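Quick note: the sequence shown uses UniProt numbering, first residue 1, plus one each step.
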Amino acid sequence: MRLLGAFLRLLSLSLAVLTFREIWNRSFCRPLEQLVDVITEFPNEVEYIFRPSCVSLQRCGGCCGDEGLRCVPVETSTVTMQLLKIKPNGEAPYVEMEFTEHKQCECRPRQDLMRLGRRRSKGRGKRRQDKKGRKDCEL
């Protein structure tokens, strides 16, 4: 009988539905652990090989629920990490490198969409002027 009870508890746990609140909290914009390539963070150091080649950092990620918004850092901090920097001549000293971690994130308007919106409105104005110019020429 105890075995049946344990089995039923296990079965109910595996069939449990994640609530909306749990899913929302897991997916909403917030700092998340991400593996970041060292060379991406230090593009001027491409002649070296770093070990490890990527580091674990807290970076903003997740959904904002609107295409016009994106998840961006509003508070950051610097973390110093010791890595192995392998030089072309074979030397491999330990070096301390500073990386930026995201401490707090927020959904903010996408700058690229704002710029596109401005371009469209400027373009529309030019079209109107062109049409007026053509009417004047046709007369």
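Every residue, glycine too, gets a C-beta built ideally from N, C-alpha and C. Just so we're clear, the structure is a prediction, and the values are computed from it rather than from any experiment.
G90 versus R51 - alpha carbon distance
Sequence index remark: in the sequence shown, residue 90 carries index 90 (1-based). Sequence index remark: in the sequence shown, residue 51 carries index 51 (1-based). Each residue's alpha carbon lies about 13 Å from the other.
With a cut-off of 8 Å on the beta carbons, I'd call V55 and V38 a contact; round off their distance for me.
Residue 55 sits at position 55 when you count from the first residue of the sequence shown. Residue 38 sits at position 38 when you count from the first residue of the sequence shown. V55 to V38, Cβ: 6 Å. Contact.
Roughly how far, in whole angstroms, is the beta-carbon of residue 140 from the beta-carbon of R30, given that I think they are within contact range, below 8 Å?
Residue 140 is absent from the structure shown; the chain starts at 1 and stops at 139.
Can you tell me which residues form a DSSP beta bridge with C60?
In the sequence shown, the residue the question calls residue 60 occupies position 60. Bridge partners of C60: P31.
Ordered along the chain, which non-local residues of its own chain (more than five positions away) have a Cβ less than 7 Å from that of L18?
For the purposes of this step, residue 18 is identified with residue 18 of the sequence shown, where counting begins at 1. Here the set comprises nothing.
T40 by DSSP, collapsed to three states: which one?
In the sequence shown, the residue the question calls residue 40 occupies position 40. T40 falls in the helix class under three-state DSSP.
Looking only at its own chain, which residues have a Cβ that is under 8 Å from the Cβ of I86, when we skip the five neighbours before and after it?
Stepping through the sequence shown from its first residue, residue 86 is reached at position 86. Y48, I49, F50, R51, A92, listed in sequence order.
In chain order, what residues of the same chain lie with their CB nearer than 7 Å to the CB of T76, ignoring the 5 residues before and after it?
Taking the sequence shown and counting its residues from 1, one reaches residue 76 at position 76. Correct list, in chain order: T100, E101, H102, K103.
Once you ignore the five residues that flank S27 on each side, which residues in its own chain have a CB closer than 8 Å to its CB?
To locate residue 27, count along the sequence shown from 1; it is residue 27. These residues qualify, in order along the chain: G62, C63.
Backbone secondary structure at R2 - three-state DSSP
Position 2 of the sequence shown, counting from 1, holds the residue named residue 2. Looking at R2 - three-state DSSP - the assignment turns out to be helix.
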